[in-house]
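Just below is one structure, and these are the notes that go with it.
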Amino acid sequence: MLEAMNRTPHNDPALASDRSPIPVNYVRNLVELAREAGLDPSRLLAHAGLSEPQVYSAEPALRFDQFRRVMASARALSGDPAIALSLGQQLTVTAHGLLGYAAISSRDLGEALQLLERYFRTRTRLCLPRLDVEQQWVRFALMESYDLGEIRRPYLEVVTAALVAGLRYLLGDRFQGAVLTLPYASPDYAGRYQELLGMTVRFGADTAALSFPATLLREALPMADASSRQMAAQRCEEELQRLEADQDWASRVRARLMQAEGALPSLEQLATGFHLTSRTLRRYLAALGVSYRYLLEEVRMARAVRYLQANLTVQQVAQKLGYAEPSNFTRAFRRWTGRPPSDYLGNL
Numbered sequence: 101m102l103e104a105m106n107r108t109p110h111n112d113p114a115l116a117s118d119r120s121p122i123p124v125n126y127v128r129n130l131v132e133l134a135r136e137a138g139l140d141p142s143r144l145l146a147h148a149g150l151s152e153p154q155v156y157s158a159e160p161a162l163r164f165d166q167f168r169r170v171m172a173s174a175r176a177l178s179g180d181p182a183i184a185l186s187l188g189q190q191l192t193v194t195a196h197g198l199l200g201y202a203a204i205s206s207r208d209l210g211e212a213l214q215l216l217e218r219y220f221r222t223r224t225r226l227c228l229p230r231l232d233v234e235q236q237w238v239r240f241a242l243m244e245s246y247d248l249g250e251i252r253r254p255y256l257e258v259v260t261a262a263l264v265a266g267l268r269y270l271l272g273d274r275f276q277g278a279v280l281t282l283p284y285a286s287p288d289y290a291g292r293y294q295e296l297l298g299m300t301v302r303f304g305a306d307t308a309a310l311s312f313p314a315t316l317l318r319e320a321l322p323m324a325d326a327s328s329r330q331m332a333a334q335r336c337e338e339e340l341q342r343l344e345a346d347q348d349w350a351s352r353v354r355a356r357l358m359q360a361e362g363a364l365p366s367l368e369q370l371a372t373g374f375h376l377t378s379r380t381l382r383r384y385l386a387a388l389g390v391s392y393r394y395l396l397e398e399v400r401m402a403r404a405v406r407y408l409q410a411n412l413t414v415q416q417v418a419q420k421l422g423y424a425e426p427s428n429f430t431r432a433f434r435r436w437t438g439r440p441p442s443d444y445l446g447n448l
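So, in structure tokens, the structure goes:
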């Protein structure tokens, strides 16, 4: 079943990348960062199989595979395993286009984060945000939409470092008490996280997430402007609607499943969220040759692998995925992958 899943357009990183453009300005920032680090940009691009016209043309986006090659080349040529963190730190809020302008002009941090949660997909769809507000803490989690393979760690480093840099830009010295959790084992250069991000960082979590005191949500932003925020948010909404229209129903369902935390939503719950009947949604999926059950199993498998790689026990993973008995999960995992869960423990 794993081989079959890997051939689907919903789980194959190469095919997923065809649908997941990366704003070209992010790649340009990486090239400029490499230049500042003493690397020859031409050599970097050549190593990645790209040319300067591809990166500096008017084309608004590069494909994820191109971004992956540039990132891998920058790490190889610079010898700096933390270069992705440096890139994320140097991305200014305005580097995120209209979404950045909408955030800057928001009334307070809470409003800015709500915009970020809704329009994050206009910048990248390789992970999806989830904003959870509790009485004392706020948690902004990044749910991975695809198996990112070798680029997973640097990609999450770029995104989380950019998120931290953006919030620090919006609040300045008021941004205090935050904790970043990451879903992989502590790397050899773990000390660079504290050095570059200036906060507590914990590894081996279920999901990449930034948590901070809820009181910060009410902090006013210095450049708040209601009319500017409304205009930028409207443009973001138009862009989001265009992206949604280009996405097939299997991808939409899979994205909602990946975004969910805790119990996964039923077909009926998803249909309600899409303002459809369950019968209509089932028909849309059938037209693409997939079923809700198939997508559900695919997401469970992806989650199971990530949990095991984060060194959760088989019993803990079974519980998180809703299995009453670990043995039932082990049988399902063997059916998906042809291998026992123990083969994946800590295998990052």
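With the first letter of the sequence shown counted as 1, position 346 gets the number 446 in our numbering; the numbers rise by one all the way through.
We treat Cβ as the ideally placed atom computed from N, Cα and C, and that holds for glycine.
Within the stretch 171-202, no run of beta strand (DSSP E) at least 3 residues long lies entirely inside it.
Check the Cα spacing between Leu296 and each of Gly138, Ala326, Ala261: the tightest is with Ala261.
Secondary structure in the stretch 264-340: the beta strand (DSSP E) runs of 3 residues or longer, each lying completely within the stretch, are 279-282, 300-303, 308-313 in chain order. Between Leu198 and Phe429, the alpha-carbon positions lie close to 44 Å from each other. Counting only the Cα atoms, Glu425 lies some 11 Å from Ala432.
Between Asp208 and Ala320, the CB-CB gap stays under 8 Å. DSSP links Met243 through a beta bridge to Leu228.
Here DSSP, grouped into helix, strand and coil, assigns Val390 to coil. Just measuring C-alpha positions, the residue of Trp436, Arg230, Arg223, Phe220 sitting nearest Ala309 is Arg230. Non-local beta-carbon contacts of Met401 in its own chain, meaning distances under 6 Å to residues more than five positions away in sequence, involve Trp436 in chain order.
With 16 or more other CB atoms across the displayed protein chains lying within 10 angstroms of its CB, Thr224 is buried.
Gln294 and Ala265 have their C-alpha atoms some 13 Å from each other. With contact defined as three or more Cβ pairs closer than 8 Å, the stretch 233-241 and the stretch 369-382 are not in contact. DSSP, read as helix, strand or coil, puts Asp165 in helix.
Taking the Cα positions, Asp232 is about 43 Å away from Arg143. Under DSSP, Trp237 takes part in a beta bridge, and its partners are Pro313. Between the stretch 177-186 and the stretch 204-219, the count of Cβ pairs shorter than 8 Å is below three; the stretches do not touch. Collapsing the DSSP output to three states places Asp208 in a strand.
If you check the CB distance, Leu367 and Ser378 come in under 8 Å. Rounded to whole angstroms, Gly272 and Pro440 show a C-alpha spacing of 48 Å. Ala148 sits away from Pro141, with the two beta carbons spaced by 8 Å or more. Of the other Cβ atoms in all chains shown, 16 or more fall within 10 Å of the Cβ of Thr307; this residue is therefore buried. If you draw a straight line from the Cα of Glu257 to the Cα of Leu280, it is about 11 Å long. Here the alpha carbon of Glu398 sits roughly 20 Å from the alpha carbon of Glu250. Separation of Leu215 and Ser245 (C-alpha to C-alpha, rounded to the nearest whole angstrom) is 20 Å. Under the 10 Å beta carbon count, Pro254 is surrounded by 16 or more other beta carbons and is classified as buried. In this model, Leu376 and Arg383 are separated by some 11 Å (Cα to Cα). In this structure, the alpha-carbon of Arg406 lies about 20 Å from that of Ala290. Gly362 and Ala326 have their C-alpha atoms some 36 Å from each other. For Thr377, the secondary structure class from DSSP, reduced to helix, strand or coil, is coil. Nearest to Met299 by C-alpha distance, out of Arg318, Gly277, Leu282, is Gly277. Per DSSP, reduced to three states, the secondary structure at Pro365 is coil, with no helix or strand assignment.
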